[in-house]
Each structure stands twice: as C-alpha cells, then as structure tokens.
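In my numbering, the protein residues as written are 31 to 158.
Following: one structure in structure tokens, then a few remarks.
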Amino acid sequence: MSVSGPCLSCDTPGCTMQAHSDSDESFFERAWAVVAQIPVGRVTTYGDIAAHLGRRGAARIVGWALKDAVGGDLPCHRVVNRNGVLTGRRHFETPHVMAERLRSEGVTFVAEDQVDLDAHRWRPGEAE
DNA sequence: CCTGTGACTTTGG
DNA sequence: ACCAAAGCCACAG
C-alpha cells in the first residue's frame with residue numbers, strides 16, 4: 031500500500047490503515063496484513079476484519095485466509111468469531127495452543143473455548 | 001466459466 | 001434458548 035490518507039472503507043475514527051485501498055494484493059493478503067497488527071492481549075473477529083476490508087459478508091473468507099497462514103508468523107490465535115468462541119482452534123497444531131497463547135497474553139475467558147470479548151476486543155484501525 | 005469449499009453470520013422455527 | 005437452513009464471497013481446480 032502506498033496511498034496516504036484516511037480509511038476509505040471503514041468508519042473507524044482516525045484509521046489510517048488503507049489495507050483495502052490501493053493494493054495489488056489479494057483479499058487474503060490484506061486480511062493477513064490486518065491480523066498482523068492485532069496488539070498482544072487483544073482479539074478481533076472475522077466480521078470486523080472483513081468489514082474493514084470493505085467486504086462485509088466475507089467473514090468466512092477471512093477464516094479461510096487464516097487457515098493458509100497457520101504455521102507462519104501471523105498471530106492467528108487472536109481472531110475469534112463474533113461470540114468470542116475460538117472456532118479456529120481445530121486448525122492449529124493441537125486444539126489447545128490457541129487458548130494457551132491467548133491465556134499467556136493475558137486474555138481472560140468466560141468459558142473453556144470462549145474469550146471475554148468485551149474486555150479484549152480490538153477493532154481494525156484502532157491504535158495499538 | 002462453473003462448481004465446490006468453508007477458522008462466518010443471520011434468521012426462522 | 002437451541003438447532004437447521006440459508007446467505008455470504010474470495011479462491012482453487
């Protein structure tokens with residue numbers, strides 16, 4: 031990305047991350063770029079990422095993109111579904127690493143596989 | 001070009 | 001409140 035200025039596809043105040051505008055990269059790569067910016071100890075949802083990329087109904091695609099990123103450097107464990115449930119835990123090396131990593135970052139849980147979304151939710155474009 | 005695939009989300013019973 | 005069904009959409013074959 032090389033364009034400067036405010037976000038064109040989201041209404042997050044002060045967002046300067048134009049991951050969706052001016053990009054020759056695929057939707058997958060843009061999704062990865064967003065995930066890479068999730069702060070430690072925070073989580074976000076598939077829907078939020080998709081909406082931020084200007085594709086409101088592409089939440090599923092985001093999850094799909096993450097699947098391709100497992101094993102890489104991306105903090106894919108910080109992405110949960112809209113209820114805070116770790117629906118992607120099955121795609122990790124072992125089903126527990128997702129929760130383990132979150133716990134080690136200080137994220138609290140309301141259930142075995144459900145994080146306290148209200149307490150840790152991060153929206154794409156927010157300050158880290 | 002058409003079809004299948006899903007780490008999702010919303011809706012209706 | 002719980003489950004099933006139907007939208008959803010980028011990407012690969």
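The beta carbon of each residue, even a glycine, is placed where N, CA and C say it ideally should be.
The structure presented is a predicted model; accordingly, all values stated were derived computationally and were not measured.
How big is the Cα-Cα spacing for residue i and residue j?
i	j	result
ARG119	GLY93	11 angstroms
SER39	GLU135	30 angstroms
ARG85	GLY155	15 angstroms
ALA88	LEU104	19 angstroms
LEU96	ASP54	19 angstroms
THR46	GLN144	30 angstroms
HIS126	GLY101	15 angstroms
SER32	THR42	Unreliable positioning characterises SER32 in this predicted model, as indicated by a pLDDT of 47, which lies under 50. A coordinate reading is not provided.
ARG133	PHE122	16 angstroms
ALA129	CYS37	32 angstroms
ARG90	ALA99	15 angstroms
ARG131	GLY77	22 angstroms
SER56	ARG153	21 angstroms
Check each candidate in the options and name the one with the smallest Cα separation from residue i.
i	options	result
ARG151	ILE79, LEU96 and PRO43	ILE79
VAL65	ASP41, PRO36, GLN144 and VAL110	VAL110
ALA157	ARG133, GLN67, VAL115 and PHE57	GLN67
ASP148	ASN113, GLU55 and GLY77	ASN113
ASP146	VAL115, GLY77 and SER56	VAL115
Taking buried to mean at least 16 other C-beta atoms within 10 Å of its own C-beta, is residue i buried or exposed?
i	result
HIS82	buried
HIS107	buried
VAL70	exposed
THR124	exposed
ALA75	For the sequence presented, residue 75 should be read as Thr rather than Ala. When all chains shown are included, THR75 counts as buried.
ARG72	buried
Determine contact between the region 127-143 and the region 58-65, defined as no fewer than three beta-carbon pairs at a distance below 8 angstroms. no
Give, in chain order, every unbroken run of the alpha helix (DSSP H) that is at least 4 residues long and sits entirely within the region 63-116. 76-82 and 89-99
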